[in-house]
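What follows is a short report on a single structure.
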Amino acid sequence: MADEVTIDTIRHFNDYYGFEHLNPMITIGRYAGEMEPGEVTYNFGVYAIYIKETKGCKINYGLTKYDFDEMSVMAFAPGQKVTTTVLPGQEQLRWSVLAFHPDFLTRTALGRKMSAYGFFSYNSNEALHLSKDEVELMQSVMSFIDREMRHAVDRHSRAIIIAHVEAFLDYCLRFYERQFYTREIINSTVMDRFSVLLDAYIAEGIQDQGLPTVAYFAGRLNLSPGYFGELVKTYSGINAKDFIAERLVNAARELLNDMSLSVTQVSDRLGFDYPQHFVRFFKRRTGRTPKEFRNISMN
Numbered sequence: 009m010a011d012e013v014t015i016d017t018i019r020h021f022n023d024y025y026g027f028e029h030l031n032p033m034i035t036i037g038r039y040a041g042e043m044e045p046g047e048v049t050y051n052f053g054v055y056a057i058y059i060k061e062t063k064g065c066k067i068n069y070g071l072t073k074y075d076f077d078e079m080s081v082m083a084f085a086p087g088q089k090v091t092t093t094v095l096p097g098q099e100q101l102r103w104s105v106l107a108f109h110p111d112f113l114t115r116t117a118l119g120r121k122m123s124a125y126g127f128f129s130y131n132s133n134e135a136l137h138l139s140k141d142e143v144e145l146m147q148s149v150m151s152f153i154d155r156e157m158r159h160a161v162d163r164h165s166r167a168i169i170i171a172h173v174e175a176f177l178d179y180c181l182r183f184y185e186r187q188f189y190t191r192e193i194i195n196s197t198v199m200d201r202f203s204v205l206l207d208a209y210i211a212e213g214i215q216d217q218g219l220p221t222v223a224y225f226a227g228r229l230n231l232s233p234g235y236f237g238e239l240v241k242t243y244s245g246i247n248a249k250d251f252i253a254e255r256l257v258n259a260a261r262e263l264l265n266d267m268s269l270s271v272t273q274v275s276d277r278l279g280f281d282y283p284q285h286f287v288r289f290f291k292r293r294t295g296r297t298p299k300e301f302r303n304i305s306m307n
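Residue numbers for the sequence shown, in the numbering used here: 9 to 307.
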């Protein structure tokens, strides 16, 4: 059974890893110590972004297990539980980390923007893999944060540190976007599978299971909803919810062209709970009600 550790303050974070405690709200550290083989479960109460430089550790996040490659990034948010496994006989871990408490961002523009950084909800098998130059860039931003934490505190300190944190997170977003493109063949396969699953769902399972959701297809493809959504948006130019909606609209058009079916029957076949929900959905997507669409099709 894995040991369990709760890290809910920056003091706890620094004490656990032996890092210098410079600021109660944020820390930068580099770990190159000795960790005993075994499993440890971490309950995070802080944001933590790790840049892992070596192999030798497995992470179990939810039901997903993953062997890290060198130069990979994994991000965790408050409320997440993560189990790590240090393998015996392997190279000891080396990694850098930026960690900060959510209260540090209270009443800031970055605090209001944090939901844009979807990679905090990605699974461990969706880690960001960096080139050497990208690692050096990320570490340079971390060095700016470290330097500012060592500077005498003044009225500019918090704003400057937060600006550097935002730059660090924005680089993560940029590099994830690059990774979506560099994994084009893999992503194309995922998109092909998604299209097949979606078409089959609409044709065969929608009446019994209800309207299709992004989370359902992400689960079928063993991806987190956040990562899956970004992949679909990068590949198709629209988000996953709109991609699904467009397929539903196409199916609705085909069914509405069958004049033997009433609008209520079409609504039922497409998994809508009530006909009026279907009418609103169709008009929002096409600019016409189902009845108006039929009238135009007949003329």
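Beta carbons: idealized from backbone N, C-alpha and C, even for Gly.
Quantities reported herein were computed from a predicted structural model and do not represent experimental measurements.
Continuous alpha helix (DSSP H) stretch holding residue i: start and end
i    : result
M311 : Nothing about residue 311 can be read from this structure; the chain reaches only from 9 to 307.
N258 : A248 to L264
R19  : I18 to Y25
C-alpha distance - residue i paired with residue j, whole-angstrom precision
i    : j    : result
M199 : R166 : 43 Å
M43  : E61  : 15 Å
P283 : R261 : 15 Å
Y189 : F225 : 21 Å
T297 : F286 : 9 Å
A135 : N265 : 46 Å
R302 : A223 : 33 Å
E212 : V81  : 40 Å
Y235 : L206 : 18 Å
Y39  : H172 : 21 Å
K299 : L231 : 39 Å
D178 : F127 : 11 Å
E238 : P32  : 34 Å
C180 : A85  : 15 Å
R182 : L30  : 29 Å
I34  : T14  : 17 Å
Buried versus exposed call for residue i [16 or more other C-beta atoms within 10 Å across all chains shown]
i    : result
P45  : exposed
A248 : buried
A208 : exposed
P233 : buried
G295 : exposed
H109 : buried
A107 : buried
L95  : exposed
G70  : Its pLDDT being 40, under 50, G70 is placed unreliably in this model, and the value from its coordinates should be taken loosely. When all chains shown are included, G70 counts as exposed.
M150 : buried
Residue interval of the beta strand (DSSP E) (run including residue i)
i    : result
A107 : W103 to F108
V48  : G46 to F52
E12  : D11 to I15
T91  : K89 to V94
Residue-level contact to chain C via CB, residue i, 9 Å cutoff
i   : result
G87 : No chain C appears in this structure, which consists of one protein chain only.
Worksheet item: Which parts of the stretch 178 to 237 are runs of the alpha helix (DSSP H), unbroken and 4 residues or longer, counting only runs that do not cross its ends?
Response: As far as the stretch 178 to 237 is concerned, its whole alpha helix (DSSP H) runs of at least 4 residues are 192 to 208, 214 to 217 and 222 to 228.
Discussion item. Check whether the stretch 120 to 134 and the stretch 143 to 161 are in contact - that is, three or more C-beta pairs closer than 8 Å.
Written reply: no
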